Amino acid sequence: MKQYWEELTKGIWKKNPILIIGIGMCPTLAVSTSISNALWMTLAATIVLVCSNILVSMVKSIVPGHIRIPIFITIIAAFVTIVELTLNAFQPAVYQALGIFIPLIVVNCIILGRAEEFANKNGIIFSALDGIGMGLGFGLTLTVLAMIREILGANKLFGLTLIPGMEPSSAMIIAPGAFFTLAFMLCGMNYINSRKKE
Amino acid sequence: MNNIVKPTLVLGLIALVASMALSHIKKITYPNILKQEKEKQERALAMVLPGYAVGDKVTVKVDGGDFSYWPAHKDESGAVKKAYAFITSSTGYSGDVVSMVGVDEAGTILGLSILQQGETPGLGARSVEVASKNTFWQTITGNAKEEGEMSPWFQQQFTGLNGKNKITIIKKGDWDPSIKDELLSRNAITAITGATITSRATIKGVEKGMDSLAKALEAASQAAPAGAQSITGGAR
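Note that the protein sequences, when read in sequence, are chains A and B. Numbering follows the numbering used here, with no gaps: position 168 of the first sequence is 168. Numbering follows the numbering used here, with no gaps: position 78 of the second sequence is 1078.
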């Protein structure tokens, strides 16, 4: 039981995909401009991640080692297309807002990374838990990043103005703001972890 | 030999299953996607030609490409006012920004609606953003004001500009009713902060579309003056 819990929670802090493993930076930096974008991105990426983890773990015994990457990509791309079509049909506003970043989930390294690193070596239940945990870690980091950037860069939260009349710092909403904020978050994470070890 | 056959079979099998699953999903979602597109187009037509009776879509060849426009008319104190809506596109930051524009005969823009864009979320994608005037605190404390139907501020500011003249960009931050008069007098829009390319692409689309519309209308009136009449009068 403890092991199940461990596989689920490791993605949130101990093996946080963005802050510790350092993968999936591109969508992180690009989509963290507003909380609603971050939450929808998290949902879409987590669904793809969990589904692809489960399927990769199911087919791992018949997949020949040297062509595993094309097979994983086919599986991931299929799930991404399903998510894309579903969003386009039932959530057109979200589809409009995220635009190109939905098809780009295919190249989100977290998903291929987890397929290769974890689901290819572990059972179905562990892989599903790993997917949920990694998705949570990704989502949490993305949400904190998006919250800081939306507050400072757009003077808004959930698309609603915070302080009327205040001019926000637009540097925070463009790429440099994402790098700065991520750097501070990495710094804070490493500081806490290094204190813990002592 | 086994090194070639087995991987091929496995990859082929997985690709087959994936494509079968996808075609099934596509079949389920396609009617809904079509419906959404159609609704979007109807909403856009109603938005860019407010109060007008819109006729059937006309597609003509202009400069080697297809150009679609909708003739429309409305009765205003006895006189019939004509207007046109057209779809135009221009390259933005990532891919095309496709918009629908409604203009009257004098070239005054009656409305602009962006149908499709793939710009950066939070920057260029704010061209379709609908901004609430309520603040966060008002909303969570339940003091939010009713705002009714809202339209995206970036697109709204095109209304009233003259599409036949050059539309300029000034950087004033987000649109606000207080700067409306200044923008109208200078035939300008205020750019989206950090997304000047998207703002410029939208303007370029308008210019290109106005150009094509003028050519299309000229060709229509030359080819068959009577026919052109029936296009605009046909909806009555």
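For every residue, glycine included, the Cβ atom is placed at its ideal position computed from N, Cα and C. As the structure is a computational prediction, the values presented were derived from the model and not from experiment.
Annotation for Gly1051(B): no beta strand (DSSP E) segment contains it, and DSSP assigns it neither H nor E.
Residue pairing by DSSP places Ile163(A) opposite no residue, since no beta bridge is assigned to it. Within chain A, the residues placing a beta-carbon under 8 Å from that of Ala1018(B) are Thr74, Ile75, Ala77, Ala78, ordered along the chain.
Only residues of its own chain outside the window of five on either side were considered, and among them Glu7, Leu8, Thr9, Lys10, Gly11, Ile12 have a CB closer than 7 Å to the CB of Gly133(A), listed in chain order. For Asp1066(B), the enclosing beta strand (DSSP E) starts and ends at 1065-1076.
For Tyr4(A), no beta strand (DSSP E) run applies; the uninterrupted alpha helix (DSSP H) run containing it begins and ends at 2-9, by DSSP. Of all residues in the stretch 46-64 of chain A, only Val59, Ile62, Val63, Pro64 come within less than 8 Å of chain B when Cβ atoms are compared, listed by chain position. Neighbours of Pro176(A) across chain B, judged by C-beta separation under 8 Å, do not exist; the nearest C-beta is about 11 Å away.
Ile71(A) has a beta carbon lying within less than 8 Å of a beta carbon in chain B. For Gly1102(B), the secondary structure class from DSSP, reduced to helix, strand or coil, is strand.
Assignment of Val1130(B) by DSSP, reduced to helix, strand and coil, places it in the coil class.
The C-alpha of Leu112(A) is placed about 51 Å away from the C-alpha of Asn1162(B).
Taken through DSSP and simplified to helix, strand or coil, Ala1079(B) comes out as strand.
Residue contact with chain B for Phe180(A): absent (no Cβ-Cβ distance below 8 Å to any residue of chain B). Under DSSP, Tyr1084(B) forms a beta bridge with Pro1071(B), Val1103(B).
Residues of chain B whose Cβ lies closer than 7 Å to the Cβ of Gly159(A) are, in chain order, Ser1132. Its chain contains Val48, Ile105, Val106 as the residues whose beta carbon lies nearer than 6 Å to that of Val80(A), once the 5 sequence neighbours on both sides are disregarded; these appear in chain order.
Looking only at Lys60(A), Met1(A), Pro64(A), Thr74(A), the smallest Cα-Cα distance to Leu1016(B) is reached by Thr74(A). In this structure, Tyr1052(B) keeps its C-beta atom at 8 Å or more from the C-beta atom of Ala1021(B). Per the Cβ contact rule, the stretch 51-59 of chain A is in contact with the stretch 114-129 of chain A (3 or more Cβ pairs under 8 Å). With respect to the C-alpha of Tyr1084(B), the residue from Asp1075(B), Val1060(B), Val1048(B), Gln1116(B) having the closest C-alpha is Val1048(B). For Ile1170(B), the uninterrupted beta strand (DSSP E) run begins and ends at 1168-1170, by DSSP. Bounds of any alpha helix (DSSP H) do not take in Ser1113(B); it lies within the beta strand (DSSP E) bounded by 1109-1116.
Listed along the chain, the chain A residues whose CB falls inside 7 Å of the CB of Ser1094(B) are Ile100. If you look at Ala178(A), you'll find it isn't in any beta strand (DSSP E); it sits in the alpha helix (DSSP H) that goes 175-197. Shortest Cα-Cα distance from Thr1159(B) to any of Asn1134(B), Ser1113(B), Thr1193(B) involves Ser1113(B). Here the alpha carbons of Pro92(A) and Gln1036(B) stand approximately 8 Å from one another. Taking a Cβ-Cβ cut-off of 9 Å, Ser127(A) has no neighbours in chain B, whose nearest Cβ is about 17 Å from it. Within 10 angstroms of the beta-carbon of Asp130(A) lie 16 or more other beta-carbons, which makes it buried. The DSSP assignment places no complete run of the beta strand (DSSP E) inside the stretch 21-91 of chain A (cut-off: 3 residues).
Straight-line spacing of the CA atoms in Thr1190(B) and Lys1166(B) works out to 14 Å. Taking a contact as a CB-CB distance under 8 Å, the pair Thr161(A) and Thr1141(B) does not count as one, their CB atoms being some 14 Å apart.
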